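Numbered by the working numbering, the letters in the sequence shown go through residues 56 to 319 in order. Cβ atoms here follow ideal geometry from the backbone N, Cα and C, with glycine treated the same way. On a predicted model such as this, the values are computed, not experimentally measured, just so you know.
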Amino acid sequence: MSWRRWHSREPYTAVQYAHDMDVTEANFESAVIERSRSVPVVVDFWAAWCGPCRMLGPVLEREVDRRSGAVELVKLDVDSNPAIADAFGIRGIPAVKAFRDGRVVAEFVGAQPAAAVSRFLDSLTPSPAAHLAGNGDEASLRRALELEPDRADAAIALARILLKRGETRDALEVLSKVHGSFAAEGLAARIRLESAPARELAGAFAELDAGNSEQALDALISAIKPARPDRDDIRRVVVGILDELGLDHPLATASRSRLASALY
Numbered sequence: 056m057s058w059r060r061w062h063s064r065e066p067y068t069a070v071q072y073a074h075d076m077d078v079t080e081a082n083f084e085s086a087v088i089e090r091s092r093s094v095p096v097v098v099d100f101w102a103a104w105c106g107p108c109r110m111l112g113p114v115l116e117r118e119v120d121r122r123s124g125a126v127e128l129v130k131l132d133v134d135s136n137p138a139i140a141d142a143f144g145i146r147g148i149p150a151v152k153a154f155r156d157g158r159v160v161a162e163f164v165g166a167q168p169a170a171a172v173s174r175f176l177d178s179l180t181p182s183p184a185a186h187l188a189g190n191g192d193e194a195s196l197r198r199a200l201e202l203e204p205d206r207a208d209a210a211i212a213l214a215r216i217l218l219k220r221g222e223t224r225d226a227l228e229v230l231s232k233v234h235g236s237f238a239a240e241g242l243a244a245r246i247r248l249e250s251a252p253a254r255e256l257a258g259a260f261a262e263l264d265a266g267n268s269e270q271a272l273d274a275l276i277s278a279i280k281p282a283r284p285d286r287d288d289i290r291r292v293v294v295g296i297l298d299e300l301g302l303d304h305p306l307a308t309a310s311r312s313r314l315a316s317a318l319y
């Protein structure tokens, strides 16, 4: 049930599931705190005037729906419910908090791509596709992508298997179905760069494959020149590496500054 249609329905009661609906200060305790003792509840703190909120909402709904009731989604309008927003320290929206056993167990702020939202929800309750992707074998990865065609982790793992067999076109096809994943875009960009006549990036990719991320990033960022026609694909590779390192990785922080200088 979409939160956009909730206002036309009967008022919430404690016996109803708090799935994908608006909650208020009046029913937050039952709809979120108490309900989370039975199933994880994700709360999307939003407001009607917030553009990023409208971008994130459909992504959250789709990813929660994929989990077939294993996790539930509710939405709280911060303008209409300021006491709850203040109680949970909401300073920017969209803000998403996951509750389990009556307490916050995970959270993020700001609009996120589908791949990041999927990882967030997987930390609460892995979907069937997440279990399959975790197996890592080709058959499991293909089945995971049948269930979730744009699942980034499965697509990236399968693409790497295909690349080892030299099936470049098939690897790119798998990656093309993934949206909102910097890591997937980066791998696709690398494949295109390695297929091009120019081979001067081979050393950077060899360093990356050897686990030497710092040396690889240095070489790739240094290769981004204003007149270079493939500079955007090099940028995608760098951003993909940074995405896999994670926001808080010291190397990622330093490399983002260098990348910005190279680009602008």
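DSSP places K219 in the helix class (H, G or I) of the three-state scheme. A Cβ-Cβ contact shorter than 8 Å links A169 with V114. Under the three-state reduction of DSSP, R197 is assigned to helix. The Cβ neighbour count for D99, taken over all protein chains shown within 10 Å, is at least 16; the residue is labelled buried. Beta-bridge partners assigned by DSSP to E89: none are found.
If you compare the alpha carbons of D120, E299, M110 with that of I211, the shortest gap goes to E299.
Rounded to whole angstroms, the separation of the alpha carbons of P137 and E80 is 9 Å.
G191 counts as exposed, since fewer than 16 other C-beta atoms from the protein chains shown sit within 10 angstroms of its C-beta. Under the DSSP definition of a beta bridge, E118 lacks any partner. For A103, the three-state secondary structure derived from DSSP is coil.
By the CB criterion at 8 Å, E269 and F260 fall outside the cutoff. Within its own chain, the residues whose Cβ lies closer than 7 Å to the Cβ of D285, once the five positions on either side in sequence are excluded, are L248, A251, listed in chain order. Between L179 and A188, the C-beta gap is not smaller than 8 Å, which leaves the two residues out of contact. Under the three-pair Cβ rule at 8 Å, the region 87 to 98 counts as touching the region 117 to 129.
Put simply, of A161, R117, V164 the residue whose alpha carbon is nearest the alpha carbon of L202 is R117. Counting only runs of at least 3 residues, the region 134 to 164 fully encloses the following beta strand (DSSP E) elements, listed from N- to C-terminal order: 150 to 155, 158 to 164. Checking the DSSP bridge columns, you'll see M76 partnered with V129. In the DSSP assignment, D303 falls outside any alpha helix (DSSP H) and carries neither an H nor an E.
The region 278 to 292 and the region 229 to 246 touch, with no fewer than 3 CB-CB distances between them shorter than 8 Å. The criterion of a C-beta distance shorter than 8 Å is not satisfied by V119 and L200.
The beta-bridge partner set that DSSP reports for V98 consists of V129, K152.
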